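So the structure is just underneath, and the comments pick up after that.
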Amino acid sequence: MDSLAELRVFVFICFVHVVISKPPHIVFILADDYGFNDVGYHNPRIKTPNLDKLAASGVRLENYYVQPICTPTRSQLFSGRYQIHTGLQHGIIWPSQPNALPKNETTIASKLKENGYRTHMVGKWHIGFYKDEFIPTQRGFDSFFGYLTGGEDYYTHKNGLGYPSREFQGLNGYDMRRNEEVVKNAAGNYSTFLFTNEAVEIISSHEPDRPLFLFVAYQAVHDPLEVPKHYIEQYKDIKNSARRTYAGMVSCMDEGVGNITKALQQHDLLKDTVLIFSTDNGGQIHAGGNNWPLRGWKGSLWEGGMRGVGFVYSELLEKPRQISSELIHVTDWFPTIVHLAGGSIIGLPLDGYNVWDTLDSGKPSPRKEILHNIDPIDTYWDFPRDDYHHCRQAAIRVGDWKLLTGCPGNGSWIPPAESYFPTKPAVVNVLDNINSTFLFNIREDPEERNELSSVFPEMVSFLMKKLAEYNATAVPVRYPNPDPASQPKLHGNVWSPWVH
């Protein structure tokens, strides 16, 4: 081969490498309070054709974990760190609390922006806003359209609960913003439509040569149970009204995901996109959600509170159309997405793992354990940080084994309302006393029906030691008292940053 021919081959190889290694567009869609039994591929009574198609064409995650409630999942997604390392290990951030994901935590949006991405967020924030420096456009996003608190009416976009105490109820604050400014004309418009339309507009106006990070955090399917009536009509066979409305909300959200995917296709972005879908926690039984056959629901450390609906769709996947049973946790998205973007995580104290090889080609997950949480506030005693006591609420997974201590939350198994319609859900009392430990082999017993702590005391001891090791690395909990200065009536009847 002459030198000119060799040069042509070299240039061609370099061109192919550039095309393959070009940072992909990344679209992350997060559903709110979306139950394990509330997607079509787990329960055909619920109609989610778009989610089903994407999951079937991508990699469906069946050993995937999030956190039991909103703020912890979102903080871990954005930071790649367990909540014991950010001080957010207790509860959620209420609108009237001067609290937020610490400013010294690098967010995934900031990392992607460093790597040349246009970064956009649509929907629910819920990781703190008491100072201007904590709102999305100060945490790495080029644009934000959505709400800062944890929940609101789907049409009025008002949230009346600042904190679960009498003086912080009925506050009736409006909450919808574009960047830093209040959006005054959103009232009367259903939020799932608003957020889908905004996402489609961002896709339509995006410069295709620049990588896109679009984070869509739907309000759906969190309560209150509200949706246009025509989405409910297809579920007339479901007699339970809450479940029927909830199912309609799911189908409306599914339609939104389909419209986002269609926009990516129409603007020739889909072929270069990695699309990730996830719930933020288990379904809320009292608001129509369901996690059958798993135990427990939103707010609990049982599988029903944390084993999440999730999948990855991309034409870039080496081995698509797979169902993965590899262990993956919500903290893993940070290093995985930064890897896809060509960025570096050197110097970041992450708890997540880069699981792209697991998703892309089916290799074993580098993750072998998950600290679900340690909550030192949810206990009856104080203990040294370098010790661990079984009265403290916590859960850990190592390999196939899961240990729960303290009060893990309600441990009932609730069948779906479309096939079971009790006047009152049966509650299984799983705690004889507060000195409780629970051990399960999750691979063999994902429904947590066979408690094994008395059979394998050495495994209990091993996992208790692991909890003690994690507990020694925990930072103090930040769960401040509500601040009267936060009240919307002091800020034009709008939820706004109030500490300046």
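Numbering (mature numbering (1 follows the signal peptide of the UniProt record, and there is no 0)), first residue to last: -21 to -1, 1 to 479. Yeah, the Cβ is synthetic: ideal placement off N, Cα and C, and Gly gets one too. Since we're looking at a predicted model, the values are computed, not measured.
Only counting runs of 4 or more residues, tell me where the alpha helix (DSSP H) segments fall wholly within the region 204 to 292, in order along the chain.
208 to 211, 220 to 245 and 282 to 285
So which of K110, Y96, G139 and T128 has the shortest CA-CA distance to F120?
When the alpha-carbon of F120 is set against those of K110, Y96, G139 and T128, the nearest one is in Y96.
Does the separation of the CB atoms of T171 and A199 fall below 7 Å?
yes
Would you call the region 413 to 433 and the region 106 to 121 touching, i.e. three or more CB-CB distances under 8 Å?
no
Contact set for L254: own chain, Cβ-Cβ below 6 Å, skip 5 residues either direction:
V6 and Y292
So M100 is in the beta strand (DSSP E); what residue range does that whole segment cover?
R97 to K103 is the extent of the beta strand (DSSP E) around M100.
Using C-beta distances below 6 Å, list every residue in its chain close to L191, excluding the 5 sequence neighbours before and after it, in chain order.
H4, R97 and H185
If you reduce the DSSP assignment to three classes, tell me which class N408 lands in.
Confidence at N408 is low in this model, with a pLDDT of 45, below 50, so the placement of that residue should be treated as unreliable; the coordinate-derived value is given next. Three-state DSSP puts N408 in coil, outside helix and strand.
Candidates T175, D259, N270 and Y109, of which the one nearest V236 by Cα:
Checked all of T175, D259, N270 and Y109; the closest Cα to V236 is T175.
Please report how far the alpha carbon of H463 lies from the alpha carbon of G149, in whole angstroms.
Strictly speaking, residue 463 in this sequence is Pro, with His absent from that position. If I take the Cα positions, the gap works out to 13 Å.
Mind the definition here: the region 65 to 84 touches the region 204 to 215 only if three or more C-beta pairs lie below 8 Å; say whether that holds.
no
Buried or exposed: G326, going by 16 or more other Cβ atoms within 10 Å of its Cβ?
exposed
Looking at the secondary structure, which residues open and close the alpha helix (DSSP H) in which I325 lies?
In the DSSP assignment, I325 falls outside any alpha helix (DSSP H) and carries neither an H nor an E.
Throw me the rounded Cβ distance for the G275 and G261 pair, which I believe falls under 8 Å.
7 Å
Please confirm if the region 375 to 387 is in contact with the region 434 to 448, defined as three or more CB-CB distances below 8 Å between the two stretches.
yes
7 Å Cβ shell around N158 - same chain, five flanking residues per side excluded:
T116, S122 and F123
Counting only the same chain and skipping the five closest in sequence on each side, list residues whose C-beta sits under 7 Å from that of N238.
T175 and V179
Test item: CB-CB of T258 and E305 under 7 Å
no
Any chance you could list the alpha helix (DSSP H) runs of at least 4 consecutive residues sitting entirely within the region 37 to 70, in chain order?
49 to 58
Chain-order list of residues whose beta-carbon lies under 7 Å from that of I211 (same chain, five-residue window excluded)
R223, T224 and G227
Between K468 and Y458, what straight-line distance do the alpha-carbon atoms span, to the nearest angstrom?
If you draw a straight line from the Cα of K468 to the Cα of Y458, it comes to about 23 Å.
May I have the straight-line CA-CA distance separating G152 from I106, to the nearest angstrom?
18 Å
Could you pull the start and end residues of the alpha helix (DSSP H) that T175 belongs to?
Run containing T175: S170 to S184, per the alpha helix (DSSP H) assignment.
Could you give the distance in angstroms between the alpha-carbon of A320 and the alpha-carbon of D339?
Cα to Cα, the separation comes out at about 15 Å.
Cβ of I264 within 7 Å of Cβ of I393?
yes
Would the region 80 to 90 and the region 124 to 137 be scored as touching if the rule is three or more Cβ pairs under 8 Å?
no
What does the Cβ neighbour count give for G471, buried or exposed, with the cut at 16 atoms within 10 Å?
The Cβ neighbour count for G471, taken over all protein chains shown within 10 Å, is under 16; the residue is labelled exposed.
Could you spell out where the alpha helix (DSSP H) holding D339 opens and where it closes?
For D339, the enclosing alpha helix (DSSP H) covers residues W335 to S340.
Helix, strand or coil: how does DSSP classify Y153 here?
strand
I'd like to check one pair, V478 with V161: are the Cβ atoms closer than 7 Å?
no
With a threshold of 7 Å between beta-carbons, can P328 be considered close to chain D, or not?
Included in the structure is just one protein chain, with no chain D present.
When the Cβ atoms of the region 296 to 313 are set against those of the region 54 to 68, are three or more pairs found closer than 8 Å?
yes
So, helix, strand or coil for K82, using DSSP?
coil
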